[in-house]
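Before any comments, here is the structure.
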Ligand SMILES: Cc1cc2nc3c(=O)[nH]c(=O)nc-3n(C[C@H](O)[C@H](O)[C@H](O)COP(=O)(O)OP(=O)(O)OC[C@H]3O[C@@H](n4cnc5c(N)ncnc54)[C@H](O)[C@@H]3O)c2cc1C
């Protein structure tokens, strides 16, 4: 940021800081309880609580989201999130960039406090003066970098920071007519369990979790031979039921597959409140547990949003010259949009030679 931008931002932050701190500490239930008191407002409180489907959500989390909606600051890309990836990939390649996928980075190489490149799982090396990491920060500092690359106190701090929750997701392909599935044209429906608001987002049991039911855009139904998709997501923790009955190294054993199938069956049954007949019109289901998210993203505990609360780490790592971080582990925080902003910030830092 320019000096002038930083100055203006500093002044406006000063003005907003006391309220931000107050609402940043306040549990969301307190705000809802004082704004919408009484038994007759219980449903509204529960509905608003569902806007921030995470454990220990703060009033500020809800206010941020409602503020974004009030200011028309909520977007979804035409063609889904994949279209963003395609656009960025094509542009990067058009500028001469080379993309490699399907092979893991196994170490970030450092010599005399400077990064020198990375080694891949196939033992090949890529040399470079800068490395930008978007992977789990613990994996970066504990597994990929040499121990000496960061101070002990920093690593101890990293070890203790709580992670965000994960998801259980079941995607159902159904023979139900699109109109039956998505009555009223809603994109997302929420099914809360019959518990007090304080009990929301505290349990991982299939009959107690809140369900977020997504419907695809109607245009894509034809491409699936007239079948409709229903995606049910539940915010859950990785450690539930002995890590979802996976093995000691999170192997997906027959027990694990059996358990996740039973779990999926129960939440599909509950989703019938919104999509009647769903259980008896299934063509195919695809299930992802926190163990799946862990193996697909490399995020510890399958954390879908990185840290439990956003951390404002510096994107230029102070301990190792040429190492940068981006993504939901760092500034400005989790989610697709903020991760993209952090990628842009980090690229600018690298290009400016800072
Ligand atoms: C099911 C689900 C639903 C979500 N819904 C939303 C939503 O509606 N809106 C929203 O804003 N956000 C949502 N999020 C969160 C959002 O997807 C993340 O915050 C965002 O993708 C983070 O981007 P990132 O680049 O930091 O990390 P990632 O997108 O996780 O990218 C990191 C990449 O690094 C790769 N990787 C890991 N280790 C290695 C290694 N050793 N070598 C090479 N590659 C490696 C991973 O495979 C991955 O591709 C959702 C997340 C999930 C899982």
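Residue numbers (our numbering): 638 to 991. We put the CB at the ideal spot given by N, CA and C, even for glycine.
Helix, strand or coil for residue i? Go by DSSP, reduced to three states.
i            : result
residue 678  : helix
residue 887  : coil
residue 723  : helix
residue 894  : helix
residue 950  : coil
residue 973  : helix
residue 905  : helix
residue 815  : helix
residue 772  : coil
residue 666  : helix
residue 601  : Nothing about residue 601 can be read from this structure; the chain reaches only from 638 to 991.
residue 749  : coil
residue 985  : helix
residue 763  : strand
residue 804  : strand
residue 650  : helix
residue 840  : coil
residue 754  : strand
residue 643  : helix
residue 1036 : Beyond the ends of the chain as shown, which are 638 and 991, falls residue 1036; an answer cannot be given.
residue 826  : strand
residue 731  : helix
residue 657  : helix
How should residue i be labelled, buried or exposed, when 16 other C-beta atoms within 10 angstroms of its C-beta is the threshold for buried?
i           : result
residue 715 : exposed
residue 915 : buried
residue 938 : buried
residue 783 : exposed
residue 812 : exposed
residue 719 : exposed
residue 907 : buried
residue 644 : exposed
residue 732 : exposed
residue 778 : buried
residue 788 : exposed
residue 920 : exposed
residue 672 : exposed
residue 976 : buried
Is the beta carbon of residue j closer than 8 Å to that of residue i?
i           : j           : result
residue 757 : residue 745 : no
residue 867 : residue 818 : yes
residue 810 : residue 830 : no
residue 961 : residue 767 : yes
residue 699 : residue 685 : yes
residue 889 : residue 928 : yes
residue 689 : residue 668 : no
residue 802 : residue 853 : no
residue 800 : residue 950 : no
residue 923 : residue 850 : no
residue 984 : residue 968 : no
residue 935 : residue 772 : yes
residue 804 : residue 876 : no
residue 681 : residue 987 : no
residue 926 : residue 752 : no
residue 665 : residue 707 : no
residue 842 : residue 874 : no
residue 824 : residue 795 : no
residue 972 : residue 965 : yes
residue 730 : residue 736 : yes
residue 894 : residue 881 : no
residue 832 : residue 786 : no
Which whole-angstrom value describes the C-beta separation of residue i and residue j, a residue pair presumed to lie in contact below a C-beta threshold of 8 Å?
i           : j           : result
residue 838 : residue 941 : Contact doesn't hold; Cβ gap of about 14 Å is too wide.
residue 901 : residue 807 : 4 Å
residue 683 : residue 834 : 5 Å
Would you say residue i faces chain C, with C-beta separation under 8 Å as the test?
i           : result
residue 894 : Among the chains in the structure shown there is no chain C, since it carries only a single protein chain.
Compute the minimum distance between the beta carbon of residue i and the heavy atoms of ligand 1, and state whether it is under 7 Å.
i           : result
residue 772 : yes
residue 976 : yes
residue 839 : no
residue 853 : no
residue 594 : The structure shown does not extend to residue 594, since the chain spans only 638 to 991, so no value can be given for it.
residue 880 : no
residue 714 : no
residue 741 : yes
residue 971 : yes
residue 954 : no
residue 941 : yes
residue 968 : no
residue 936 : yes
residue 926 : no
residue 965 : yes
residue 806 : yes
residue 930 : yes
Is residue i close to ligand 2? I mean its beta-carbon at under 7 Å from any heavy atom of the ligand.
i           : result
residue 663 : This structure lacks ligand 2; its bound ligands are ligand 1.
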